[in-house]
Amino acid sequence: MVQGFTVWLTGLSGAGKSTIANRLEQELIARGRSVEILDGDIVRTHLSKGLGFSKEDRDTNILRIAFVCSLLTRHGAAVISAAISPYAEARAQARAQIGAFVEVYVQCPIEELTRRDVKGLYEKALRGELANFTGVSDPYEAPVDPDVTVNTDTETLEESVAKILAVLESRGYIGQAAGAVA
Ligand code: ADP
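Residues 230 to 411 in the numbering used here are what the sequence shown lists, from first letter to last.
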């Protein structure tokens, strides 16, 4: 069986986690991999339905995602988690549970996120109308030693994905694909 692994994307809302996950999925499929994305917004509509945004609920959400990632990884899948995952301790627990784990810090300055405001939430949060909004009115503990950092304000999507693929190759999780972005 091929070696499974989890790419764990962490970063603020609108930083580019879902966009990168979808592009990375295409690249991994091109390499013949079976891919599963656990997208934070989607997970919250079923696996974590009913959970809120307290620290306790956020940690529960992340540990549920990590549990599913660990099962899929064990069976050879290429798994991508795309959830904010603001707390370092919960990410460390995910790493410990999953094993083959690549932490990707999807970095983007708050000024750029406010400009993008993909879901219209930053403006609300900055006006003080949205409690528990990560990066504005709720904590985000940036990774201190991520396996990869992508800077989505200065890199193209292709560049960000290529950086992740390069690390997956260097770890031996994937082979090189002819004609791929890396
Ligand atoms: P998240 O999943 O982190 O909430 P999204 O992927 O939904 O963020 O939104 C990110 C936005 O930033 C998209 O509109 C995307 O087109 C844009 N973007 C600009 N540059 C990049 C990049 N290098 N990587 C990913 N997204 C980017």
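Built from N, CA and C at the ideal position, the CB exists for glycine as well.
This structure is a prediction, so every number in the text was calculated from the model and none was measured.
Under 8 Å by Cβ, that's how I've got A250 and D270 pegged, so tell me the actual separation to the nearest angstrom. About 11 Å separates the beta carbon of A250 from that of D270, a gap too long to meet the 8 Å contact definition.
Any heavy atom of the ligand ADP closer than 7 Å to the CB of G240? yes
Under 8 Å between C-beta atoms of W237 and R356: no
Would you report the Cα separation of E285 and E352, rounded to the nearest angstrom? 26 Å
Measuring only from the beta carbon, is R345 closer than 7 Å to any heavy atom that is part of the ligand SAM? With respect to the ligand SAM, the structure shown offers nothing to examine, as its ligands consist of the ligand ADP.
With 8 Å set as the bound, which would you pick, yes or no: does the beta-carbon of T385 sit closer than that to a beta-carbon of chain D? In summary, chain D is missing from the structure at hand, where a single protein chain is found.
Beta-carbon proximity list for L397, same chain, < 6 Å, skipping 5 on both sides: I403
Cα-Cα, which of S242, V390 and G233 is closest to K348? Distance check between K348 and each of S242, V390 and G233 places S242 closest, using alpha-carbon atoms only.
Looking at C-beta atoms only, is the number of pairs between the segment 330-340 and the segment 364-384 that lie closer than 8 Å three or more? Judged by pairs of C-beta atoms under 8 Å, the segment 330-340 touches the segment 364-384, as three or more such pairs exist.
Report whether the distance from the Cβ of G245 to the nearest heavy atom of the ligand ADP is below 7 Å. yes
Does DSSP put V290 in a helix, in a strand, or in coil? Val is not the amino acid found at residue 290; the sequence shown has Asn there. It is helical.
For P368, which of A395, F282, L253 and L276 has the nearest alpha-carbon? Closest option to P368, Cα to Cα, is F282.
Would you say the beta carbon of S389 is closer than 7 Å to some non-hydrogen atom of the ligand ADP? Checking every heavy atom of the ligand ADP against the Cβ of S389, one is found closer than 7 Å.
Using 10 angstroms around the beta-carbon of V259, count the other beta-carbons present and answer buried if the total reaches 16, otherwise exposed. What sits at residue 259 in the sequence shown is Ala, not Val. Exposed, since its Cβ has fewer than 16 Cβ neighbours within 10 Å.
What span of residues does the beta strand (DSSP E) with N380 cover, start to end? V377 to N380
Name the two residues that bound the continuous alpha helix (DSSP H) containing E387. L386 to S399
As assigned by DSSP and simplified to three states, the class of Q322: helix
Closest by C-alpha distance to H275, when choosing among N290, A371 and G261: N290
Reference L292; option with closest CA among K246, G240, A307 and V272: V272
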